[in-house]
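*Asks:* Take a look at this one; I'll ask things after.
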Amino acid sequence: MNHQVKVFQASPARIKGLRIIAALGALSFVLGLFLDPERAWGGYLMGFEYFVQLALAGGLFLSVLTLSSARWATAMRRIPEAMTTGLPWAFGMGLLLLGGISTLYEWSHEAVVEADPVLQGKSAYLNGAFFFVRMAVFF
Numbered sequence: 012m013n014h015q016v017k018v019f020q021a022s023p024a025r026i027k028g029l030r031i032i033a034a035l036g037a038l039s040f041v042l043g044l045f046l047d048p049e050r051a052w053g054g055y056l057m058g059f060e061y062f063v064q065l066a067l068a069g070g071l072f073l074s075v076l077t078l079s080s081a082r083w084a085t086a087m088r089r090i091p092e093a094m095t096t097g098l099p100w101a102f103g104m105g106l107l108l109l110g111g112i113s114t115l116y117e118w119s120h121e122a123v124v125e126a127d128p129v130l131q132g133k134s135a136y137l138n139g140a141f142f143f144v145r146m147a148v149f150f
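In terms of the numbering used here, the sequence shown is residues 12 to 150.
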């Protein structure tokens, strides 16, 4: 029986290709900010939520495996562990999301809050500073 562990090493060509794809995505986002900021930030928010949900799903699956003492999952445990490594990246993506608050959320405009009594009542919760605090606590 062979007990050597194979470690995946991505080829330099593959890494270069992935970096090019990431650069094209970042460039298209920046271009979208100039052409149609609402769509660009909306798309970014959807991608952010998807990325966070994948990372959290990996953590949830790991928790269930650990709590149930499932020995059958030892071989596949690395997959959800790898999924959870996206959480620090998600925090950074969330910091970038703070730049689009005024485009994404109506409650970030003072004129809208002053005209709406419901938003005035929720202004302690719906503001930029508390949005940042909630994001920091959640991560």
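For each residue, glycine too, the CB sits at the ideal point set by N, CA and C. Predicted model, so just to flag it, every value in this text is computed and none were measured.
Using only the alpha-carbon positions, how far apart do A37 and A135 sit?
*Replies:* Taking the sequence shown and counting its residues from 1, one reaches residue 37 at position 26. Taking the sequence shown and counting its residues from 1, one reaches residue 135 at position 124. A37 and A135: Cα-Cα distance of roughly 34 Å.
*Asks:* Taking only the alpha-carbon atoms, compute the straight-line gap between R88 and F62 and give it to the nearest angstrom.
*Replies:* Looking up residue 88 in the sequence shown gives position 77. Looking up residue 62 in the sequence shown gives position 51. Spanning the two alpha carbons is a distance of roughly 19 Å.
*Asks:* Three-state secondary structure (DSSP) at W83?
*Replies:* Residue 83 sits at position 72 when you count from the first residue of the sequence shown. Coil at W83, not helix or strand.
*Asks:* Indicate whether A66 and L98 have their beta-carbon atoms separated by less than 8 Å.
*Replies:* Numbered from 1 along the sequence shown, position 55 holds the residue referred to as residue 66. Numbered from 1 along the sequence shown, position 87 holds the residue referred to as residue 98. Cβ distance < 8 Å, so A66 and L98 count as in contact.
*Asks:* State the Cα-Cα distance for the pair S113 and P23, rounded to the nearest angstrom.
*Replies:* Taking the first residue of the sequence shown as position 1, residue 113 is located at position 102. Taking the first residue of the sequence shown as position 1, residue 23 is located at position 12. Taking the straight line from one Cα to the other gives about 40 Å.
*Asks:* Could you give the C-beta distance for F59 and G105, rounded to a whole number, given that I count them as a contact under 8 Å?
*Replies:* Residue 59 sits at position 48 when you count from the first residue of the sequence shown. Residue 105 sits at position 94 when you count from the first residue of the sequence shown. Confirmed, Cβ separation roughly 7 Å.
*Asks:* By the DSSP assignment, the alpha helix (DSSP H) with E117 in it spans what residues?
*Replies:* The residue labelled residue 117 in the question sits at position 106 within the sequence shown. Neither: E117 is in no alpha helix (DSSP H) and is coded neither H nor E.
*Asks:* If we ignore side chains and look at the alpha-carbon of each, how far apart do R145 and H120 end up?
*Replies:* Within the sequence shown, numbered from 1, the residue matching residue 145 stands at position 134. Within the sequence shown, numbered from 1, the residue matching residue 120 stands at position 109. So the two alpha carbons sit approximately 19 Å from each other.
*Asks:* Please state whether DSSP places K17 in a helix, a strand or coil.
*Replies:* Locating residue 17 in the sequence shown gives position 6, where the first residue counts as 1. It is coil, neither helix nor strand.
*Asks:* Count the other C-beta atoms from every protein chain shown that fall within 10 angstroms of the C-beta of W52, then say buried if there are 16 or more, exposed otherwise.
*Replies:* Locating residue 52 in the sequence shown gives position 41, counting from the first residue. Counting the other CB atoms within 10 Å of its CB gives W52 a total of 16 or more, which places it among the buried residues.
*Asks:* How many whole angstroms separate the CB atoms of L109 and Y55, which I take to be in contact at a CB cut-off of 8 Å?
*Replies:* As a first step, residue 109 is located in the sequence shown; it is residue number 98 there, counting from the start. As a first step, residue 55 is located in the sequence shown; it is residue number 44 there, counting from the start. Actually they are not in contact, since the Cβ atoms of L109 and Y55 sit about 12 Å apart, beyond 8 Å.
*Asks:* If we count the other Cβ atoms within 10 Å of its Cβ and call it buried at 16 or more, is P128 buried or exposed?
*Replies:* Within the sequence shown, numbered from 1, the residue matching residue 128 stands at position 117. Exposed, because fewer than 16 other Cβ atoms sit within 10 Å of the Cβ of P128.
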